[in-house]
Amino acid sequence: MHELNIMMFGPRYVGKTSLLTAMYYEYEQKIAKTRIQLKPDLDTAYDLGKKLAQLKSINDEESGVESTESIRSFIFDLGQKGTKPSLRLHFWDYPGGYVIGKDEDERNAVKKCLTKSVSVVIAIDTPALMETKGKWHHHRNRPLQITNWFKEVYQDIKSPRLIILAPIKCESYLQNNKSTADLVRRIKAEYAVLLDLFSSEALLKKIAVVITPVQTVGTVFFSSIDVIEGNPIFRFKKPHPDAKYCPKDNEQPLKYLLRFLLKLHIQQQWGAFNFMRNWFGLDNYLKEAVRDFAKDCKTTDGFEVIQGKELLNIQ
Ligand SMILES: Nc1nc2c(ncn2[C@@H]2O[C@H](COP(=O)(O)OP(=O)(O)OP(=O)(O)O)[C@@H](O)[C@H]2O)c(=O)[nH]1
Ligand SMILES: [Mg+2]
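If you're matching positions, the sequence shown starts at 1 in the numbering used here and goes up one per residue.
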């Protein structure tokens with residue numbers, strides 16, 4: 001079976017594992033209705049099921065999802081419903097500390113994964129970006145360190161990549177057109193150096209960049225920040241105590257990913273992805289099913305393709 005790697009990227013607490021969990025939940029809800037099947041392996045289903053229970057009972061950062069302690073891959077097999085899966089998606093999840101720490105082994109692990117991943121999901125803690133004029137943004141989201149990683153690893157990439165900027169915990173910022181536009185503006189301003197790198201001459205044609213604001217919980221709104229020993233603790237509240245877990249748009253990153261893969265296949269000019277030709281070629285039915293599923297990627301309400309439309313265009 002062919003395998004593709006996708007990396008969850010970002011420092012500690014930003015919400016990488018929660019996003020993966022919510023993605024899994026929404027796959028189940030939405031993909032189940034389509035002609036394709038995305039099947040987690042047993043370990044993945046067990047672990048994400050456990051995380052899902054934690055995510056459902058979130059109140060603030062001191063409750064909720066456990067910190068990730070070591071590198072983990074979550075495996076999803078993709079195929080036509082009722083037949084043997086033909087593509088394996090490995091989502092790699094890391095303790096955020098690896099990305100900003102100095103430990104040589106941990107850094108090498110991150111580097112290896114960034115190098116081999118066809119897509120990188122950069123999780124962004126949105127309250128840190130937006131509240132108190134972004135006072136905690138650098139502390140929490142480490143945009144400079146993130147940029148340095150890509151400077152180092154993307155120097156001589158040969159094959160196309162999809163970068164997904166995924167602002168998380170953004171229920172409070174998607175309330176109306178104005179607040180949504182503000183969020184997108186802030187992302188572009190605060191990640192300007194990273195976006196400049198991606199749009200540099202050497203990388204522009206190889207990298208697609210999209211913003212996909214996801215609501216990992218859907219019913220928990222930012223309320224205040226307490227600072228304890230120099231570290232911020234973000235507090236959230238529910239509009240009413242029994243507000244239900246209702247994640248929104250978490251399937252969108254996957255839609256973009258499948259769209260990107262399908263386009264690579266249609267273009268058929270990238271040596272490293274030759275196997276995709278066989279995969280989709282042999283299985284026309286699957287290609288059509290993926291096309292169906294991936295065609296309604298959102299491009300409004302905070303969703304935006306910043307560059308690389310031609311790497312995503314399957315019309
Ligand atoms: N309010 C709110 N809190 C969230 C949401 N998603 C995640 N959280 C909380 O944010 C905290 C960090 O989330 P994680 O998913 O563990 O973050 P991480 O990036 O995997 O962190 P590390 O594993 O330590 O690198 C957890 O306590 C979650 O409960 C959300 O949508 N809304
Ligand atoms: Mg984690």
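All C-beta atoms in this analysis are idealised placements derived from N, C-alpha and C, irrespective of residue type, glycine included.
| Asked | Found |
| --- | --- |
| Give a single yes or no on whether residue 93 has its beta carbon closer than 7 Å to a heavy atom of ligand 2. | yes |
| Does residue 21 have its Cβ less than 8 Å from a Cβ in chain C? | Considering every chain present, this structure includes no chain C. It has just one protein chain. |
| Can you name, in chain order, every residue of its own chain whose Cβ lies under 6 Å from the Cβ of residue 194, other than the five neighbours on each side? | 147 |
| Three or more beta-carbon pairs under 8 Å between the region 12-20 and the region 155-163, yes or no? | no |
| Is residue 179 helix, strand or coil when you go by DSSP? | helix |
| Distance, Cα to Cα, residue 196 vs residue 208? | 13 Å |
| Return yes when the C-beta of residue 50 is under 7 Å from any heavy atom of ligand 2, and no when it is not. | no |
| Return helix, strand or coil for residue 77, following the three-state DSSP convention. | strand |
| For residue 106 and residue 305, what's the separation of their Cα atoms in angstroms? | 32 Å |
| How would you call residue 186, buried or exposed, if buried means at least 16 neighbouring beta carbons within 10 angstroms? | buried |
| Could you check what DSSP says for residue 39 in three-state terms: helix, strand or coil? | strand |
| Report buried or exposed for residue 233, applying the criterion of at least 16 other Cβ atoms within 10 angstroms of its Cβ. | exposed |
| Keeping to the same chain, check which residues put their C-beta closer than 7 Å to that of residue 190; ignore five residues upstream and five downstream. | 129, 134, 137 and 143 |
| Please report how far the alpha carbon of residue 299 lies from the alpha carbon of residue 307, in whole angstroms. | 13 Å |
| Would you list, in sequence order, the uninterrupted beta strand (DSSP E) runs of no fewer than 3 residues that lie entirely inside the region 99-153? | 119-125 |
| I'd like to know whether the C-beta atoms of residue 95 and residue 68 end up nearer to each other than 8 Å. | yes |
| In the structure shown, what three-state DSSP assignment does residue 174 receive? | coil |
| Are there any heavy atoms of ligand 1 lying less than 7 Å away from the beta-carbon of residue 385, as far as the coordinates show? | Residue 385 lies beyond the residue range present for the chain, which begins at 1 and ends at 315; the question has no answer from this structure. |
| Considering just the uninterrupted stretch of the beta strand (DSSP E) at residue 224, what are its terminal residues? | 221-228 |
| Starting from the C-beta of residue 109, find all residues in its chain whose C-beta is less than 7 Å away, skip the five residues before and the five after it, and write them out in chain order. | 71 and 98 |
| Here's the rule: buried if 16 or more other CB atoms are within 10 angstroms of the residue's CB, otherwise exposed. What is residue 246? | exposed |
| Under the assumption that residue 118 contacts residue 5 (Cβ atoms under 8 Å), give the Cβ distance between them as a whole number of angstroms. | 6 Å |
| Are at least three pairs of beta-carbons, each pair with one atom in the region 200-207 and one in the region 237-255, less than 8 Å apart? | no |
| Any chance the CB of residue 21 is under 7 Å from a heavy atom of ligand 2? | no |
| For residue 122, count the other beta carbons within 10 Å of its own beta carbon; 16 or more makes it buried, fewer makes it exposed. Which is it? | buried |
| Does DSSP classify residue 155 as helix, strand or coil? | coil |
| Taking 7 Å as the line, does the beta carbon of residue 383 fall inside it for any heavy atom of ligand 2? | An answer regarding residue 383 cannot be provided, because it is not within the stretch 1 to 315 covered by the chain. |
| So, using beta-carbon positions, are residue 83 and residue 51 closer together than 8 Å? | no |
| Would you report the Cα separation of residue 316 and residue 55, rounded to the nearest angstrom? | No information on residue 316 is available, as it lies outside the stretch 1 to 315 that the chain covers here. |
| The beta strand (DSSP E) with residue 93 in it runs from where to where? | 87-93 |
| Could you tell me whether the Cβ atoms of residue 332 and residue 293 are closer together than 8 Å? | The requested residue 332 does not occur in the structure, where the chain is confined to residues 1 to 315. |
| Comparing alpha-carbon positions, which option in 85, 41, 65 and 100 lies nearest residue 74? | 41 |
| Measure the alpha-carbon distance for residue 216 versus residue 120 and round it to whole angstroms. | 18 Å |
| According to the neighbour-count rule (16 or more other Cβ atoms, all chains shown, within 10 Å of its Cβ), is residue 8 buried or exposed? | buried |
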